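Peer 1: Residue numbers (this note's numbering), protein chains in the order written: chain P, 736 to 1187; chain R, 35 to 143.
The beta-carbon is built from N, C-alpha and C at its ideal position, and this holds for glycine as well.
Note that this is a predicted model, so its numbers are computed, not measured.
This is the structure I have questions about; it appears just below.
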Amino acid sequence: MKEIRVLSPVGMLGYGFPAESFQKGLGKNPHVIAADAGSTDAGPHKLGAGVGIVSKEATKKDLTLMLTAGCEHKIPVIIGSAGGSGAEVHLNWTSEIVKEIAKEKNLHFKMALIHAEAEKDYLQKKLTEGKIKPLGPVPELTAKDIEEATRIVAVMGVHSHIKALEMGAEVIIAGRSNDPAMFAALPIKEGHDPGLALHMGKILECGAMASTPGTTSDCMMGYLREDCFVVEPTNTMRKCIPSTVAAHTLYEKSSPLHIIGPEGVVDVTGCKFEQYSERAVKVSGSKLKKSETINIKLEGASKVAYRTICIAGLRDPIMIKQIDECEKHVRDTILTYFSNISPEDYSLIFHIYGKNGVMGELEPRKEITSHELCLILEVVAKEQEMANTICAFARSTLMHYSYKGRIATAGNLAFPYAPSDIPTGAVYKFNIHHLVEVDDPDELFSIEIVEL
Amino acid sequence: MTKEVSIIDLANVIRSKNAGPFELTFDIIFKDKETYEKVKKTKVITKELIAKLYHVPIEKVLYFVEFDPANAIKATIVRPVDSGSIGETDVYGAQQHAPLLDIKIPFEE
């Protein structure tokens, strides 16, 4: 069977990669250039609010290199989870950037847009039929969850990418995609082992992260053969060793033994990771166990509140010792003063860096040893105005609180900014993280061809 | 003679990260096969230890696996707050590994 070579220029479209590393990758004659552009890592806000996590400028820079090379060498370019979350708004955002580049560079190609935003009516029907179940530690889905979600995406596997390639697409801009799908689609289409192809995709989706020194901002080549795959960073300052590739097999997954996707489960229990050459690692033994039914992951986000924050420093040792008592005073004062507002309508959160800001209740060290603290006062409330009001009140109360033994009577907080209070807008939560059983993945994903 | 060795001296990687928005996963990857096997034999790092370090009931430790090909021990817990929801302190879950750094492994000398 013919070897398939896959070039992954970067771990996240818009993170940037060295042009020299990319040129070296092109020198290996790849059959496809692919990149992941999304993740749920940055929280539910991107999906909920319909925004991205990287700038347009950076995305355009990365895409320009990829599209120019793709057109010149006649190599398909595949982008998955476009725009960060892969919903319609994200897909359009990315497709506009592609169109801009094509116009500016006078590039012509057939582009496939794969839509991944799920229709609410379709999902309500599936819910009634009992075809939707929780994925991981989340509650059963309700009709209300579907209604309340601002956006819901379905996560496509290799199926839609393969279909777009079969339609002759030279550039694929796909909505929400399972991370390895963009890298595994062409090899699977050409008849390669899907277990190995998906495992290779899992390693490639983070760019050169599975090498040492690891980074998402550099290029990695994958070589898929009949009974194994080989990965190698194109930048000679990096190398893959068995432990970095094995370690990346564990990365961001619940279980190290299984890579789960719409195609089934890739079992890596019996995998072998071997040094293949000075900077390359060979992997064998990954096996796909097909699932009996086709299950597609759904991700949805809903708006739950509005947030205002205030950042302040504390440098007074007398106050630092009593920070818990100061917090209690602020809480009590607010409860009394805003007796007209139900405490259920807002939350006041003290993030105290230098005490337990990073781990909260999980912090095992209880004593404060720092000479200064950073406080982030956070208020989330039903309405933005309410969040602003309570945050301002909490800030002024703490600023002038006369705690026990106070000798610095001018004010208790050092604000690095004016204005001190920052409204950050709507707060979202992932309210859908479920699997829907389908007869045909085409029910959820449609392909639109655009000639440029 | 038993000597206690800090896990920092035995592992190359000790990290935490989201595994999806509802789970937090920990990886401890040991320096070499020999160290990994020695640590495994002591049975110090267990599902129970993870539950204790992260103040969660044992049923909230969803996975605990020793993964020989990577010389690694991996555990996954239910996130205290789902990623980015109200009350969050670490959206990516990338700085929740500190309690693991305090693990000491008793080695027979």
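#1: With distances taken between CB atoms, is the gap from Pro1188(P) to Met917(P) smaller than 9 Å?
#2: Does the CB of Ile84(R) have a neighbour CB from chain P at under 9 Å?
#3: So is Thr69(R) in contact with chain P if we call contact Cβ pairs under 9 Å?
#4: When you compare only the Cα positions, how much space is there between Lys65(R) and Asn105(R)?
#5: Return helix, strand or coil for Gln859(P), following the three-state DSSP convention.
#6: Does Asn764(P) pass the burial test, meaning 16 or more other C-beta atoms within 10 Å, or should it be called exposed?
#7: Go ahead and label Leu135(R) buried or exposed: buried means 16 or more other beta carbons lie within 10 angstroms of its beta carbon, across all protein chains shown.
#8: Name the chain P residues that come within less than 8 Å of Lys106(R), Cβ to Cβ?
#9: Taking 9 Å as the CB-CB limit, is Cys941(P) close to chain R?
#10: Check whether the Cβ of Asp136(R) lies closer than 9 Å to any Cβ atom in chain P.
#11: Quick one: complete alpha helix (DSSP H) runs, 4+ long, within the region 965 to 1000 of chain P?
#12: Could you run through the region 751 to 775 of chain P and flag, in chain order, every residue whose CB is less than 7 Å away from some CB of chain R?
#13: Since His825(P) and Ala817(P) are thought to touch, with beta carbons under 8 Å apart, how far apart are those beta carbons, to the nearest angstrom?
#14: Check whether the region 1109 to 1120 of chain P and the region 1045 to 1057 of chain P touch, using three or more Cβ-Cβ pairs below 8 Å as the test.
#15: Return helix, strand or coil for Asp2(R), following the three-state DSSP convention.
#16: Would Cys806(P) pass as an interface residue toward chain R - the criterion being a Cβ-Cβ separation below 9 Å?
#17: Among residues of its own chain, excluding the 5 on either side of Glu823(P), which ones have a beta-carbon nearer than 6 Å to its beta-carbon?
#18: Contact between the region 1112 to 1128 of chain P and the region 1029 to 1045 of chain P is defined here as three or more beta-carbon pairs at a separation below 8 Å; is this criterion met?
#19: Report yes if the CB atom of Lys937(P) is closer than 9 Å to the CB atom of Val1001(P), and no otherwise.
#20: Please list, in chain order, the chain R residues whose beta carbon lies closer than 7 Å to that of Ile1084(P).
#21: At least one CB of chain R closer than 9 Å to the CB of Cys1061(P): is that the case?
#22: Return the first residue and the last residue of the beta strand (DSSP E) that Pro140(R) is part of.
#23: From which residue to which residue does the beta strand (DSSP E) around Gly1035(P) run?
#24: Following the continuous alpha helix (DSSP H) through Ile760(P), name the residue where it begins and the one where it ends.
#25: Is it the case that the Cβ atoms of His896(P) and Glu998(P) are separated by a distance below 9 Å?
#26: Could you check what DSSP says for Ala853(P) in three-state terms: helix, strand or coil?
#27: Please confirm if Ser978(P) has its CB atom under 9 Å from at least one CB of chain R.
#28: Does Glu1009(P) come out as helix, strand or coil in the three-state DSSP assignment?
#29: Identify the residues that DSSP records as bridge partners of His927(P): which are they?
#30: For Gln130(R), count neighbouring C-beta atoms within 10 Å of its own C-beta (all shown protein chains included) and say buried if the count is 16 or more, exposed if not.
#31: Tell me whether the region 843 to 861 of chain P and the region 901 to 909 of chain P touch, counting them as touching only if at least three CB pairs, one residue from each stretch, are closer than 8 Å.
Peer 2: Let me lay it out:
#1: Here chain P comprises residues numbered 736 to 1187, so residue 1188(P) is not present and cannot be evaluated.
#2: Within the second sequence, the letter at position 50 stands for residue 84(R). No - not a single Cβ of chain P is within 9 Å of the one on Ile84(R).
#3: Here residue 69(R) refers to the residue found at position 35 when the second sequence is read from its first residue. Thr69(R) does not count as touching chain P.
#4: Reading the second sequence from its first residue, position 31 is the one you call residue 65(R). Reading the second sequence from its first residue, position 71 is the one you call residue 105(R). Distance between the alpha carbons of Lys65(R) and Asn105(R) is about 8 Å.
#5: Mapped onto the first sequence, residue 859(P) falls at position 124. In the structure shown, Gln859(P) sits in a helix (DSSP, three-state: H, G or I).
#6: Counting from 1 along the first sequence, the entry for residue 764(P) is found at position 29. The residue in question, Asn764(P), is exposed, as its Cβ has fewer than 16 Cβ neighbours within 10 Å.
#7: Residue mapping note: residue 135(R) aligns to position 101 of the second sequence, counting from 1. Its Cβ having fewer than 16 others within 10 Å, Leu135(R) is exposed.
#8: The residue you call residue 106(R) lines up with position 72 of the second sequence. First, the amino acid is wrong: residue 106(R) is Ala here, not Lys. The contacting residues are Ala981, Ala982, Leu985, Pro991.
#9: Locating residue 941(P) in the first sequence gives position 206, counting from the first residue. No, Cys941(P) lies away from the interface with chain R (no Cβ there is under 9 Å from its Cβ).
#10: If you number the second sequence from 1, residue 136(R) lands on position 102. Yes, Asp136(R) lies at the interface with chain P (some Cβ there is under 9 Å from its Cβ).
#11: 977 to 985
#12: Thr775
#13: What you label residue 825(P) is simply residue 90 of the first sequence in a count that begins at 1. What you label residue 817(P) is simply residue 82 of the first sequence in a count that begins at 1. So it is a contact: roughly 5 Å between Cβ atoms.
#14: yes
#15: Any answer about residue 2(R) is impossible in this case: the structure gives chain R only from 35 up to 143.
#16: Residue 806(P) sits at position 71 when you count from the first residue of the first sequence. Closer than 9 Å: no.
#17: Taking the first residue of the first sequence as 1, we reach residue 823(P) at position 88. Excluding five sequence positions before and after Glu823(P), the CB atoms of its chain that fall closer than 6 Å to its own CB belong to Glu852, given in chain order.
#18: yes
#19: Taking the first residue of the first sequence as 1, we reach residue 937(P) at position 202. Taking the first residue of the first sequence as 1, we reach residue 1001(P) at position 266. In contact: Lys937(P) and Val1001(P) (Cβ atoms closer than 9 Å).
#20: Here residue 1084(P) corresponds to residue number 349 of the first sequence, with the count starting at 1. Those are Gly121, listed as they occur along chain R.
#21: The residue labelled residue 1061(P) in the question sits at position 326 within the first sequence. It does not; no Cβ of chain R falls within 9 Å.
#22: Position 106 of the second sequence holds residue 140(R). Counting along the chain, the beta strand (DSSP E) containing Pro140(R) begins and ends at 138 to 142.
#23: Here residue 1035(P) refers to the residue found at position 300 when the first sequence is read from its first residue. Gly1035(P) -> beta strand (DSSP E) spans 1029 to 1049.
#24: By 1-based counting over the first sequence, the position of residue 760(P) is 25. In the sequence on display, residue 760(P) carries Gly and not Ile. Looking at the DSSP string, the run of the alpha helix (DSSP H) that includes Gly760(P) is 754 to 761.
#25: If you number the first sequence from 1, residue 896(P) lands on position 161. If you number the first sequence from 1, residue 998(P) lands on position 263. With contacts defined as CB atoms closer than 9 Å, His896(P) and Glu998(P) fail to qualify as a contacting pair.
#26: Residue 853(P) sits at position 118 when you count from the first residue of the first sequence. Residue state, collapsed to three classes: coil.
#27: Mapped onto the first sequence, residue 978(P) falls at position 243. Closer than 9 Å: yes.
#28: The sequence position of residue 1009(P) within the first sequence is 274, counting from 1. Looking at Glu1009(P) - three-state DSSP - the assignment turns out to be strand.
#29: Position 192 of the first sequence holds residue 927(P). The partner list for His927(P) (beta bridge, DSSP) is empty, contrary to what the question assumes.
#30: As a position in the second sequence, residue 130(R) is number 96, starting the count at 1. Buried: at least 16 other Cβ atoms inside 10 Å.
#31: yes
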